[in-house]
Amino acid sequence: MLKKWLTCLLVLLLSFSLAQACADEIIIEQIATQIGENCVAYPQLSGMKDAAVQQKINDDIVMSSGVTNHIVTLATLMGGQQKLMVNYQAALLEDDIFSVVISAKGKLPGKRDGHSWAAMAYDLHTGERLTLDDLFADVDAAVARMEQIAEETLSDELNGYMEYSDILPLPVESFTLDENGITFWYPAEQFSLLSGYSGACQFWYEELDGLWLDQENVQLSDAEIKTAISAGIAEGKLPHVPVQMGQSMQQVTQQYRLLRTPDEFPGGRYFVLGDPAFRQILVISDALSAEYSQSVVEGIQLRRGGLYGLLIGRTTQQRWREVLGQPDENVAFSENMAYDYDLPAGQYDVYHYGENQLRLHADENGVLCALQLCK
Numbered sequence: 002m003l004k005k006w007l008t009c010l011l012v013l014l015l016s017f018s019l020a021q022a023c024a025d026e027i028i029i030e031q032i033a034t035q036i037g038e039n040c041v042a043y044p045q046l047s048g049m050k051d052a053a054v055q056q057k058i059n060d061d062i063v064m065s066s067g068v069t070n071h072i073v074t075l076a077t078l079m080g081g082q083q084k085l086m087v088n089y090q091a092a093l094l095e096d097d098i099f100s101v102v103i104s105a106k107g108k109l110p111g112k113r114d115g116h117s118w119a120a121m122a123y124d125l126h127t128g129e130r131l132t133l134d135d136l137f138a139d140v141d142a143a144v145a146r147m148e149q150i151a152e153e154t155l156s157d158e159l160n161g162y163m164e165y166s167d168i169l170p171l172p173v174e175s176f177t178l179d180e181n182g183i184t185f186w187y188p189a190e191q192f193s194l195l196s197g198y199s200g201a202c203q204f205w206y207e208e209l210d211g212l213w214l215d216q217e218n219v220q221l222s223d224a225e226i227k228t229a230i231s232a233g234i235a236e237g238k239l240p241h242v243p244v245q246m247g248q249s250m251q252q253v254t255q256q257y258r259l260l261r262t263p264d265e266f267p268g269g270r271y272f273v274l275g276d277p278a279f280r281q282i283l284v285i286s287d288a289l290s291a292e293y294s295q296s297v298v299e300g301i302q303l304r305r306g307g308l309y310g311l312l313i314g315r316t317t318q319q320r321w322r323e324v325l326g327q328p329d330e331n332v333a334f335s336e337n338m339a340y341d342y343d344l345p346a347g348q349y350d351v352y353h354y355g356e357n358q359l360r361l362h363a364d365e366n367g368v369l370c371a372l373q374l375c376k
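If you count the sequence shown from 1, you need to add 1 to reach the numbering used here.
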């Protein structure tokens, strides 16, 4: 089932395409009840050829997400001080998989105030809920790798900024799939942020290379990789990252939740965002004033994943130069610079594409440790 998606993943990345419809012309319809500023919204599917499977999925969304209880709560909030906002993110992976995570923030059943996720992934052929056995050849090995990554990266980014900080065990029964990868959604009592939202952890498909069931990889040629990188950087975008160059930082922080006060470095600010899409991804703006409401995105730095097969932690400087050619600039990255920018000492190559540039940072062993889109 996931085989087709893994096979064409790199091809999809070439155009940054988002899968929103499938062969059955499935439609994700929003069902919403709003009273004043409070709202409960959740998805239902329509357009499936198999009406029984469609009904099975729609019924389970209602039963498993708790929206019925949220609607009851909504009716009690009229004129009161408490609030409730229930919304969702949903994804269709062609005619194979439907995923949805429902976010409920405010007055929750049995609680005064809080936040919860309800995550579900369905096989569109049977209507059954997916488990990790449907996705990974060796579930224990996959979970072990993901838990290692989660513990190393989330602890590093979030230490000291969490109310509840039990990153392990990974909530293996609470996950969604989309065009970028798999995301696990934590219960609030295990992992919760000071923002009031429960935690989550996303893994891109290529981060778990070799673990997927029936995986077939499409290998892009060096020329195809070079063309894709040139087009994306010139446009100010990176695959998987839902922001782009020039976008308002106020809009970005409102949509993706600023995790903590931005860190300053010489010439700018790093923004750490709370949305799981930004694990080990820093958004960069200027540092010209105390406020950033008028600032825009001036850079995006990846410390995980990669770029069309050029993978952080794996690809050598020699290899990316084979693909991209000799850099326009090469800059030594001293220990002092490493301290200022929180990156390993080494060097970085600069490639110019239109008004933008790509920086590929090599550590002292000549291995890619970060890449950055910037002006």
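The beta-carbon is built from N, C-alpha and C at its ideal position, and this holds for glycine as well.
| Check | Outcome |
| --- | --- |
| What's the gap between the Cα of E38 and the Cα of S196? | 20 Å |
| Does the distance from the C-beta atom of F272 to that of L212 stay below 8 Å? | no |
| Assuming S222 contacts Y354 (C-beta within less than 8 Å), just tell me the rounded distance between them. | About 19 Å; that fails the 8 Å criterion. |
| Within a Cβ cutoff of 7 Å, which residues of the same chain sit near S290, ignoring the five residues on either side of it in sequence? | none |
| My guess is that G107 and Q83 are in contact by the Cβ rule of under 8 Å, so how many angstroms apart are they, rounded? | 6 Å |
| Cα-Cα, which of E26, Q220 and D139 is closest to E95? | E26 |
| Just to confirm, is the Cβ distance from M246 to V284 under 8 Å? | no |
| Near E323, what residues of its chain come up, given a Cβ to Cβ distance below 8 Å and the 5 sequence neighbours on each side ignored? | D223 |
| Say whether the stretch 140-147 touches the stretch 259-275, bearing in mind that this needs 3 or more beta-carbon pairs closer than 8 Å, one atom from each stretch. | no |
| Could you work out which residue in L75, E225 and Y206 is closest to E217 when comparing CA atoms only? | Y206 |
| Who are D223's beta bridge partners in DSSP? | Bridge partners of D223: none, in fact. |
| Does DSSP put T77 in a helix, in a strand, or in coil? | coil |
| Would DSSP call H241 helix, strand or coil? | coil |
| Using 10 angstroms around the beta-carbon of T184, count the other beta-carbons present and answer buried if the total reaches 16, otherwise exposed. | buried |
| Start and end of the alpha helix (DSSP H) containing R360? | Element bounds for R360: not the alpha helix (DSSP H) but the beta strand (DSSP E), N357 to D364. |
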